[in-house]
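2 protein chains.
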Amino acid sequence: MKNEINIGLLGFGVVGSGVAEILHRHQEDLSHKLGVPVKIKKVLVKDATKKRDTVLAQEIFTTDSDEVIEDPSIDLIVEVIGGTIEAKQAIEKALRAGKGVVTANKDVMAQFGHELLKLADEHKCDLFYEASVGGGIPLIRTLEDGLASDRIRALTGIVNGTTNFILTKMKHEKKTYEEALAEATELGFAEADPSADVDGMDAARKMTILASLAFSTEVRLEDVFVRGMKDIQNGDLALAEQFGFTVKMAGFAKKDDDGIEISVEPVFIQNSHPLASVNNEFNAVYVYGDTVGETMFYGPGAGSLPTATSVTGDIVAACRNLLLGVNGKRLHAPQHAYTVKEDKQIIGRYFHRISVKDEVGVLSKLASVYSNHGASLATVVQHEGDNNGGVDLIMITHSISRQQHLDIMNELHNTPAVNGVVSYYRVEGENR
Amino acid sequence: MKNEINIGLLGFGVVGSGVAEILHRHQEDLSHKLGVPVKIKKVLVKDATKKRDTVLAQEIFTTDSDEVIEDPSIDLIVEVIGGTIEAKQAIEKALRAGKGVVTANKDVMAQFGHELLKLADEHKCDLFYEASVGGGIPLIRTLEDGLASDRIRALTGIVNGTTNFILTKMKHEKKTYEEALAEATELGFAEADPSADVDGMDAARKMTILASLAFSTEVRLEDVFVRGMKDIQNGDLALAEQFGFTVKMAGFAKKDDDGIEISVEPVFIQNSHPLASVNNEFNAVYVYGDTVGETMFYGPGAGSLPTATSVTGDIVAACRNLLLGVNGKRLHAPQHAYTVKEDKQIIGRYFHRISVKDEVGVLSKLASVYSNHGASLATVVQHEGDNNGGVDLIMITHSISRQQHLDIMNELHNTPAVNGVVSYYRVEGENR
Chain A
1 MKNEINIGLL
11 GFGVVGSGVA
21 EILHRHQEDL
31 SHKLGVPVKI
41 KKVLVKDATK
51 KRDTVLAQEI
61 FTTDSDEVIE
71 DPSIDLIVEV
81 IGGTIEAKQA
91 IEKALRAGKG
101 VVTANKDVMA
111 QFGHELLKLA
121 DEHKCDLFYE
131 ASVGGGIPLI
141 RTLEDGLASD
151 RIRALTGIVN
161 GTTNFILTKM
171 KHEKKTYEEA
181 LAEATELGFA
191 EADPSADVDG
201 MDAARKMTIL
211 ASLAFSTEVR
221 LEDVFVRGMK
231 DIQNGDLALA
241 EQFGFTVKMA
251 GFAKKDDDGI
261 EISVEPVFIQ
271 NSHPLASVNN
281 EFNAVYVYGD
291 TVGETMFYGP
301 GAGSLPTATS
311 VTGDIVAACR
321 NLLLGVNGKR
331 LHAPQHAYTV
341 KEDKQIIGRY
351 FHRISVKDEV
361 GVLSKLASVY
371 SNHGASLATV
381 VQHEGDNNGG
391 VDLIMITHSI
401 SRQQHLDIMN
411 ELHNTPAVNG
421 VVSYYRVEGE
431 NR
Chain B
1 MKNEINIGLL
11 GFGVVGSGVA
21 EILHRHQEDL
31 SHKLGVPVKI
41 KKVLVKDATK
51 KRDTVLAQEI
61 FTTDSDEVIE
71 DPSIDLIVEV
81 IGGTIEAKQA
91 IEKALRAGKG
101 VVTANKDVMA
111 QFGHELLKLA
121 DEHKCDLFYE
131 ASVGGGIPLI
141 RTLEDGLASD
151 RIRALTGIVN
161 GTTNFILTKM
171 KHEKKTYEEA
181 LAEATELGFA
191 EADPSADVDG
201 MDAARKMTIL
211 ASLAFSTEVR
221 LEDVFVRGMK
231 DIQNGDLALA
241 EQFGFTVKMA
251 GFAKKDDDGI
261 EISVEPVFIQ
271 NSHPLASVNN
281 EFNAVYVYGD
291 TVGETMFYGP
301 GAGSLPTATS
311 VTGDIVAACR
321 NLLLGVNGKR
331 LHAPQHAYTV
341 KEDKQIIGRY
351 FHRISVKDEV
361 GVLSKLASVY
371 SNHGASLATV
381 VQHEGDNNGG
391 VDLIMITHSI
401 SRQQHLDIMN
411 ELHNTPAVNG
421 VVSYYRVEGE
431 NR
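Protein chains in written order, with the UniProt record's numbering: chain A, 1 to 432; chain B, 1 to 432.
In structure tokens, the structure reads:
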């Protein structure tokens, strides 16, 4: 039996310094829980001489990753460098050296998770990644353990705090996109280059990780259908409100007999749905399971201490396994190959905002476009003019396939009475 | 290494039959995950000859509990009988026989949880009780594992589905209490005798279990301050709405340097708080942790399959531990003694609805009652008359102690201009 556990920390940015703080602050509780002390033995940084506001001793900082990973007294590697190549290599090296790994790296896990989890199995090591999705929310553990006996059918998630913060400020404080983004940057929610957030790629990576776990398969990032925030047009948020919806950047993943659909896009969520009131930088994932029904897990999607709480939770789990000698023994669900659903198999309701010429008979022309494609309409409303001699028509469909939706878009573009489709959204949250 | 795991099921009501259904429905996945099949070997029932709609063979049903608990081929006992005495005795017997136990029994866990967990430790057995609180929501596991590295400061929970269903119907469909209760009974949410639900005792038991775990202590049920639904008066729900609140039966537990406060009572929750939109029979627990910040876990609080999902999740965890030979090795947080906070240490805002005589100077008399007790007011509104020549005054305080609130109540009762205090509520959900 070990009498202490030594950690090698790769990276000392917002998350890494948070991990050091929590291990220090909750030292007594953790030692009591595990029966042995947990210590940070070495820390990999870019500049080892830099002055840092930390309880850790200056001499444990190093710029040499091998000094951390290959230290035989180190039991567990905690990877919080971020990025892809260097982080992936470090994780591989650690696993090959027989050390457990805890990572907060969504880029690595979305792209190489399957391969790394196999490597961990081969070397009988734990590879935990709770902090890669949903910051402080224990989502991975919930899908793996809490709902271990269930079969997950669908996931809807607000998994990017930056875009949710921006949309909340735009809705509740009537800020412009630019103002809200500036505030997010100032508060540290948005990166200097926010494109991965606002383009939806960050959320797509997280949905890949969640869907892989939920559906027991190896979802490929390139199978995620992604639309960014730029598709949200002026006036859409107010329109959403008028019809009882809230605009959210949401991930959606569903598995049924036809295969898997997975997407990240701006959607209209019914205000009665719990996800509609997930505000600011908070994240939430709504899980629909075969037997549990509807559950939702809500919390801070980012931030130093929340994310570090997840990392430290993983550290506790990995330490416990090490001490009990059961590391690398995760439950393996049967892995399934999957097919991506075709557009004609992906069913949803759509909100279409169409700019039309203000002339007689235009409504009947539009209505016939929908009926031509077998789509029936739940709501048709003529909205205010666009100051260019046109008016906006709002059409909300009943359930149709994405193919029908695309065909309708296409035909609308070729309809002379139509100036253009201003925007469109999938409507979510009605199956309650 | 075992080549199968045998379960003894005590009880075959809504939850027990759900467990059998899930084990059957997800048999392949579970066998794959665990590496061995999991079988229900014997089932304790009151009438073994009764015809049941189940895949289980008639001959495994028995009326003799010893036949189940003492069967040497049975590895794990699943207690879903309900009630207290018989269930507790069965759990004890199973643990003493060295068998792991999974229970869904909140009554037993609230009253005897500490004693039983110690017994489980002594006999190196697992005792899991996820289903005792929050139906299908993995709450216990989240507090034990997911937030293992954090220190929980406060919990607010809607943990009784029946009362939440009633309040939702009263708010959204303007039903009377009696109509809503009748509907809950008809849908099977409310027991034939709903008193434990509407009096708040069911929620108090669940809060005892959650707070014990969250605060690493042995909370006693009798330390929970409980007010039932009968304290909700006609018109209160509409008043709440008018001031931006929703009335919920909520449990609240908080630990700070002064000690622990724990309560179940009807409260006014700010509509912007995520708990305010937890509707119908759903449950949710809002957890405030030292480092994670705010998280919330939402899902079905009852029902056959949701609750059975939690039981089966526990079965998977217990089986895994048995197979790895690490059963009975839970993490032990340092256990703390606790003191119950005094009323003067329990701080909150209060909503007071006071029926007063419609006469000159009454407002200033009332205002001086508050200022006499050092309470400052956030809102004072004169509300419609009560048809008896009086009017209702609404006073919403800034933060005061429960002692101040009680002193004010007391003085109001002795103020000649006051007909009576119609109702009062603690105001929750503003620290966001």
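In this text, a Cβ means the ideal position worked out from N, Cα and C, and glycines have one as well.
Bear in mind that the values here come from a model prediction, so they are computed numbers and not experimental data.
- A direct Cα-Cα distance of roughly 45 Å separates Ile91(A) from Glu428(B).
- Following the DSSP letters along the chain, one finds Phe215(B) inside the alpha helix (DSSP H) bounded by residues 201-215.
- Around Ile22(B), the beta-carbon contacts reaching into chain A at under 8 Å are Ser149, Asp150, Thr291.
- Across the structure, Lys99(B) and Leu127(B) are spaced so that their CA atoms are roughly 9 Å apart.
- Among the residues facing chain A, Met296(B) is included, as its CB has a counterpart in that chain under 7 Å away.
- Neighbourhood of Lys329(B) in chain A, by CB distance below 7 Å: Leu324, in chain order.
- Counting along the chain, His405(A) sits inside no beta strand (DSSP E); it lies in the alpha helix (DSSP H) bounded by residues 402-413.
- Contacts with chain A at 7 Å (Cβ-Cβ) do not include Pro37(B).
- For Arg220(A), the three-state secondary structure derived from DSSP is coil.
- Ile81(A) carries a coil assignment under DSSP once its states are collapsed to helix, strand and coil.
- Between Gly259(B) and Lys341(B), the gap from beta carbon to beta carbon is short of 7 Å.
- In terms of beta-carbon proximity, Lys344(B) stays away from the interface with chain A, with every pair separated by 7 Å or more.
- If only complete runs of 4 or more residues are kept, the region 36-82 of chain B shows the alpha helix (DSSP H) at 65-69, in order along the chain.
- Take the alpha-carbon of Ala120(A) and the one of Leu406(B): they are about 60 Å apart.
- Going by DSSP, Pro306(A) is part of the alpha helix (DSSP H) stretching over 304-324.
- For Arg25(A), the enclosing alpha helix (DSSP H) covers residues 14-25.
- A direct Cα-to-Cα measurement between Gly16(A) and Val80(A) gives close to 6 Å.
- Following the DSSP letters along the chain, one finds Asn160(A) in no beta strand (DSSP E), marked with neither H nor E.
- Nothing from the region 197-213 of chain A brings a Cβ to less than 8 Å from some Cβ of chain B.
- For Lys42(A), the number of other beta carbons within 10 angstroms of its own is at least 16, and it is reported as buried.
- Beta bridge pairing from DSSP links Lys255(B) with Ile260(B).
- Looking from the CA of Lys51(B), the closest CA among Val285(B), Asp314(B), Met109(B), Phe12(B) belongs to Phe12(B).
- Interface with chain B (7 Å Cβ-Cβ cutoff): His32(A) is included.
- By the rule that beta-carbons nearer than 7 Å mark a contact, Arg141(A) touches chain B.
- Annotation: Ala240(A) to Ala276(A) spans about 11 Å, alpha carbon to alpha carbon.
- Taking 7 Å as the CB threshold, Pro416(A) stays off the interface with chain B.
- A contact is defined here as three or more CB-CB pairs under 8 Å, and the region 413-426 of chain B meets this definition with respect to the region 361-371 of chain B.
- The Cβ-Cβ distance between Arg402(A) and Val267(A) does not fall below 7 Å.
- For Thr309(A), the closest Cβ of chain B is nearer than 7 Å.
- Proximity of chain B to Ile137(A) at the Cβ level (cut-off 7 Å) is accounted for by Thr295, in chain order.
- Per DSSP, the continuous alpha helix (DSSP H) segment holding Met109(A) begins and ends at 106-122.
- Within chain B, the C-beta atoms nearer than 8 Å to that of Leu305(A) come from Thr291, Val292, Gly293, in chain order.
- For Ala94(A), same chain residues with a beta-carbon under 6 Å away, outside a window of 5 residues either side, are Ile69, Ile77, Val101 in chain order.
- Taking 7 Å as the CB threshold, Gly313(A) lines the interface with chain B.
- Using beta-carbon distances, Gly134(B) does not count as an interface residue toward chain A, since no partner is under 7 Å.
- Ala284(A): member of the beta strand (DSSP E) spanning 282-289, first to last residue.
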